[in-house]
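**Student:**
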Amino acid sequence: MSISPSTDLLTLTDWQVRFPATAERATFAAVKGVSFAVGAGESLGIVGESGSGKSLTALSILKLLPKAAASAGEIHWRGQAIHALKEPAMNSIRGRQVSMIFQEPLSSLNPVLRCGEQVAEGLRTHFKCSKSEAKARTLAWLERVQLHDPQRVWSAFPHELSGGQRQRVMIAMALSTEPQLLIADEPTTALDVQVQRAILDLIQALQRELGLAILFISHDLAVVKEICQSVVVMRHGEVLEAGEVQQVFTQPQHPYTKGLLACHPSLTIPQRRLPTIAAFEQQPDLSPAAIIAQLRAAPGAYAQRQAFLRAAPTVLRVVNLRVWYASQRNFWGKATAHVKAVDDVSFDLRKGEIMGIVGESGSGKTTLGKAILRLVPIRSGAVWYEQQPLHQLSERELRPLRPNLQMVFQDPFNSLNPRMTIGQTLAEPLRIHQPTWSATERQARIESLLAKVGLTSDVLHRYPTAFSGGQRQRIGIARALLLEPDLLICDESVSALDVSVQAQVLNLLKDLQAELGFSLLFISHDLAVVKFLADRIMVMEKGKVVELNDTESLFAQPEMPYTQRLLASIIR
Numbered sequence: 001m002s003i004s005p006s007t008d009l010l011t012l013t014d015w016q017v018r019f020p021a022t023a024e025r026a027t028f029a030a031v032k033g034v035s036f037a038v039g040a041g042e043s044l045g046i047v048g049e050s051g052s053g054k055s056l057t058a059l060s061i062l063k064l065l066p067k068a069a070a071s072a073g074e075i076h077w078r079g080q081a082i083h084a085l086k087e088p089a090m091n092s093i094r095g096r097q098v099s100m101i102f103q104e105p106l107s108s109l110n111p112v113l114r115c116g117e118q119v120a121e122g123l124r125t126h127f128k129c130s131k132s133e134a135k136a137r138t139l140a141w142l143e144r145v146q147l148h149d150p151q152r153v154w155s156a157f158p159h160e161l162s163g164g165q166r167q168r169v170m171i172a173m174a175l176s177t178e179p180q181l182l183i184a185d186e187p188t189t190a191l192d193v194q195v196q197r198a199i200l201d202l203i204q205a206l207q208r209e210l211g212l213a214i215l216f217i218s219h220d221l222a223v224v225k226e227i228c229q230s231v232v233v234m235r236h237g238e239v240l241e242a243g244e245v246q247q248v249f250t251q252p253q254h255p256y257t258k259g260l261l262a263c264h265p266s267l268t269i270p271q272r273r274l275p276t277i278a279a280f281e282q283q284p285d286l287s288p289a290a291i292i293a294q295l296r297a298a299p300g301a302y303a304q305r306q307a308f309l310r311a312a313p314t315v316l317r318v319v320n321l322r323v324w325y326a327s328q329r330n331f332w333g334k335a336t337a338h339v340k341a342v343d344d345v346s347f348d349l350r351k352g353e354i355m356g357i358v359g360e361s362g363s364g365k366t367t368l369g370k371a372i373l374r375l376v377p378i379r380s381g382a383v384w385y386e387q388q389p390l391h392q393l394s395e396r397e398l399r400p401l402r403p404n405l406q407m408v409f410q411d412p413f414n415s416l417n418p419r420m421t422i423g424q425t426l427a428e429p430l431r432i433h434q435p436t437w438s439a440t441e442r443q444a445r446i447e448s449l450l451a452k453v454g455l456t457s458d459v460l461h462r463y464p465t466a467f468s469g470g471q472r473q474r475i476g477i478a479r480a481l482l483l484e485p486d487l488l489i490c491d492e493s494v495s496a497l498d499v500s501v502q503a504q505v506l507n508l509l510k511d512l513q514a515e516l517g518f519s520l521l522f523i524s525h526d527l528a529v530v531k532f533l534a535d536r537i538m539v540m541e542k543g544k545v546v547e548l549n550d551t552e553s554l555f556a557q558p559e560m561p562y563t564q565r566l567l568a569s570i571i572r
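Number 572 marks the last residue of the sequence shown (the numbering used here); no jumps.
1. Rounded to whole angstroms, what is the Cα-Cα separation between Q473 and F331?
2. State the DSSP-derived secondary structure class of W141, mapped to helix, strand or coil.
3. Using the C-alpha atoms, what's the distance from P299 back to K542?
4. Please list the segments of the beta strand (DSSP E) lying wholly inside the stretch 85-156, counting only runs of 3 or more residues, in order along the chain.
5. Please report the distance separating the alpha-carbon of L202 from that of A528.
6. Output the distance between the C-alpha atoms of A451 and A303, rounded to the nearest integer angstrom.
7. Give the secondary structure of E226 by DSSP, where H, G and I count as helix, E and B as strand, and everything else as coil.
8. What's the C-alpha gap between G359 and K544?
9. A341 and G364 look like a contact to me (Cβ under 8 Å); what is the Cβ gap, rounded to whole Å?
10. Taking L261 as the reference, which of P270, R272 and Q247 has the closest Cα?
11. With 16 other CB atoms within 10 Å as the buried threshold, where does A502 fall?
12. Check K370 in the structure and name its three-state DSSP category.
13. For H354, which residues in the same chain have their Cβ closer than 7 Å to its Cβ, ignoring the five residues on either side in sequence?
14. Expressed to the nearest angstrom, what Euclidean distance is found between the alpha-carbon atoms of S493 and Q271?
15. Could you say which of R144, Q434 and I372 lies nearest to D491 if we only look at CA atoms?
16. Can you round the beta-carbon distance between L316 and L349 to whole angstroms, since I take them to be within the 8 Å contact cut?
17. Between T138 and the rest of its own chain, which residues show a CB-CB distance below 6 Å, the 5 nearest in sequence each way excluded?
18. Answer yes or no: do R374 and R322 have a C-beta to C-beta separation smaller than 7 Å?
19. When DSSP labels each residue in this structure, what does I183 get in the three-state scheme?
20. Just to confirm the assignment: which complete beta strand (DSSP E) runs, minimum length 3, are found wholly within the stretch 437-511?
21. Shortest alpha-carbon distance to I571 belongs to which of A198, P558, L175 and E42?
22. Could you give the residue range of the alpha helix (DSSP H) that holds I281?
23. Give me the residue from A68, I432 and S495 with the minimum Cα distance to L483.
24. Could you spell out where the alpha helix (DSSP H) holding Q581 opens and where it closes?
25. Considering only DSSP beta bridges, list what F36 is partnered with.
26. Do the stretch 10-18 and the stretch 55-63 meet, that is, are 3 or more Cβ pairs less than 8 Å apart?
27. Once DSSP output is grouped into helix, strand and coil, what is the label at A26?
28. Where do the ends of the alpha helix (DSSP H) carrying E238 lie?
29. In whole angstroms, give me the CA-to-CA distance for M1 and E441.
30. From the DSSP secondary-structure annotation, give me the bridge partner or partners of K340.
31. In the DSSP assignment, what residue or residues form a beta bridge with M407?
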């Protein structure tokens, strides 16, 4: 998989990672005999489902495994057996020779340090430069990763930035030390399509300029196809298929690989449902095209759906909504300048309708969703839900409505209580809002929802730290659906999921929406996902709505230049 043995920078040979037995499970083999090599200037992609061992394999290279993990096999960096190195020796490799972009920026960034200082720290450590020089280089890197106000980002704490902005800070931090190997664990997951394209172009430009090798972990196969020369397909800790990207993607041999390639929503084929891995494993003799054809939408289904929605009553009405944040204050604490996160937004959502909300990171999508549920203060405007003026109600008056108004948050790690087991987290809303249910009824409801999002009941006794990012996101979705809400807001709810689980969850959302008739606001940077799911799409830029149309019309004939640029940026 490398150019030649002499140019290999990184080699893994029969690499294994195991976790010891606990009260809940036996010894667990997370990585089972993985072998691959990355040559100088090469790009190797690792793909597979959440929990397949991709991230653990990457963390092994920098000796960042959890303390409980035991490893075996060999890892060589430039011919040196780094799996046996002690901590002082690894410090000269981490960051400077091998750098890593982590999957969840909020849990990876220090919450009490300003973002610019965190980037500058690596520059001062590895280049021995002065504070002023480190700041100048940091600001330049923040600009290179498309952060439009580098000076503000320098001064901001991680919680003051959007998910996409935090991810770009992490990318700047990793690339600023000009490493020889970049390990990128889902580096563009939280980014909108335009910034994703810019970041991938930047990584490729740096690869050419510096001879950078890349180990690229992603659930987005289109991105892997765009940036990688070779690919390794993993499942349950094992390598199922490996080879050149062009060969594996055009002529996959394993049913699992075929399923991964077909699971992502199509931009051209109208789909009733998305294919899943199980469909390919249950029908190994059928071609991917034949399986996809089974799931095409019926002719006229879209027109029928639009006609039904036009006759449906309005369940949510947003009128001239504004949410502004103070960006500057005077000596007395009075705001003298504002960030207009949501600026005069108006729209209606019909009963049973799915509306997609798209736009760049920082465009106001997430703030709009939180404002509708009164999770952030509203400056002005109105939000009406079923004739109830949510903008005027006190928290006490809102409490009886909360079960009907649910949200799946963008950052799964930050939205789960680290001190509660998953079972406690899921049982809590049922105990509060369904006090007459027995423990058996609560357990049955919880296990049913877990199964629908692709998890088993053995997760109930574990804590959030024991799960991958994708698994935590599925738990968040299950929690939001427990009470069968009338209005569900999903904020990048499938962005952390690999394509196979993403397909399961999107099919689940579609099935539950058809069964229960709830209305759904679906916030996403993935336009293919929005096209599959949404009846209408609202495009936001700098806090304003720039275009709102039914899905087919918006994709076929986008009216605004901004929408046209978004669609042109899609990586296919």
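All residues carry an ideal CB built from backbone N, CA and C; glycine is no exception. All figures in this text were calculated on a predicted structure; none of them were measured in a lab.
**Tutor:** On the basis of the data shown:
1. In the sequence shown, the residue the question calls residue 473 occupies position 473. In the sequence shown, the residue the question calls residue 331 occupies position 331. Spanning the two alpha carbons is a distance of roughly 42 Å.
2. Residue 141 sits at position 141 when you count from the first residue of the sequence shown. Reduced to three states, the DSSP call for W141 is helix.
3. Residue 542 sits at position 542 when you count from the first residue of the sequence shown. Residue 299 sits at position 299 when you count from the first residue of the sequence shown. For K542 and P299, the distance between alpha carbons rounds to 38 Å.
4. 98-101
5. The residue labelled residue 202 in the question sits at position 202 within the sequence shown. The residue labelled residue 528 in the question sits at position 528 within the sequence shown. One C-alpha to the other measures close to 23 Å.
6. Residue 451 sits at position 451 when you count from the first residue of the sequence shown. Residue 303 sits at position 303 when you count from the first residue of the sequence shown. Cα to Cα, A451 sits roughly 33 Å from A303.
7. Along the sequence shown, read from residue 1 onward, the residue named residue 226 stands at position 226. Helix.
8. On the sequence shown, position 359 is the one that residue 359 refers to. On the sequence shown, position 544 is the one that residue 544 refers to. Computed Cα separation, rounded: 10 Å.
9. For the purposes of this step, residue 341 is identified with residue 341 of the sequence shown, where counting begins at 1. For the purposes of this step, residue 364 is identified with residue 364 of the sequence shown, where counting begins at 1. Indeed, because the Cβ distance is near 5 Å, the residues count as touching under 8 Å.
10. Within the sequence shown, numbered from 1, the residue matching residue 261 stands at position 261. The option with the nearest alpha carbon to L261 is Q247.
11. Stepping through the sequence shown from its first residue, residue 502 is reached at position 502. Reading off the sequence shown, one finds Gln at residue 502, where the question assumed Ala. Under this definition Q502 is a buried residue.
12. Translated into positions along the sequence shown, residue 370 becomes position 370. K370: helix per DSSP, three-state reduction.
13. Position 354 of the sequence shown holds residue 354. The sequence shown places Ile at residue 354, not His. Once the five neighbours on either side are set aside, the close Cβ partners of I354 are Q513, L520, F522, L533, A534 and D535.
14. The sequence position of residue 493 within the sequence shown is 493, counting from 1. The sequence position of residue 271 within the sequence shown is 271, counting from 1. Cα-Cα distance, rounded: 20 Å.
15. Locating residue 491 in the sequence shown gives position 491, where the first residue counts as 1. That would be I372, whose Cα lies nearest to the Cα of D491.
16. Sequence index remark: in the sequence shown, residue 316 carries index 316 (1-based). Sequence index remark: in the sequence shown, residue 349 carries index 349 (1-based). With 8 Å as the limit, L316 and L349 qualify as a contact, their Cβ atoms being about 4 Å apart.
17. In the sequence shown, residue 138 corresponds to position 138, counting from 1. Counting only Cβ-Cβ distances below 6 Å, and skipping sequence neighbours, we find G116, V119 and A120.
18. Translated into positions along the sequence shown, residue 374 becomes position 374. Translated into positions along the sequence shown, residue 322 becomes position 322. No, the pair does not count as a contact, with Cβ atoms beyond the cut-off.
19. Working through the sequence shown from its first residue, we reach residue 183 at position 183. I183 falls in the strand class under three-state DSSP.
20. 487-491
21. Mapped onto the sequence shown, residue 571 falls at position 571. Nearest of A198, P558, L175 and E42 to I571, Cα basis: A198.
22. As a first step, residue 281 is located in the sequence shown; it is residue number 281 there, counting from the start. Residue 281 is actually Glu in this sequence, not Ile. Per DSSP, E281 belongs to the alpha helix (DSSP H) from I277 to Q282.
23. Stepping through the sequence shown from its first residue, residue 483 is reached at position 483. The option with the nearest alpha carbon to L483 is I432.
24. Residue 581 is absent from the model: the chain starts at 1 and stops at 572.
25. Locating residue 36 in the sequence shown gives position 36, counting from the first residue. The partner list for F36 (beta bridge, DSSP) reads L12.
26. yes
27. As a position in the sequence shown, residue 26 is number 26, starting the count at 1. Coil.
28. Residue 238 sits at position 238 when you count from the first residue of the sequence shown. Counting along the chain, E238 falls outside any alpha helix (DSSP H), though it belongs to the beta strand (DSSP E) covering E238 to E244.
29. Working through the sequence shown from its first residue, we reach residue 1 at position 1. Working through the sequence shown from its first residue, we reach residue 441 at position 441. With a pLDDT of 44 at M1, under the threshold of 50, the modelled position of that residue is not reliable, and the figure given next carries that caveat. When rounded, the distance between both Cα atoms is 52 Å.
30. On the sequence shown, position 340 is the one that residue 340 refers to. Per DSSP, W324.
31. Here residue 407 corresponds to residue number 407 of the sequence shown, with the count starting at 1. Answer is I489.
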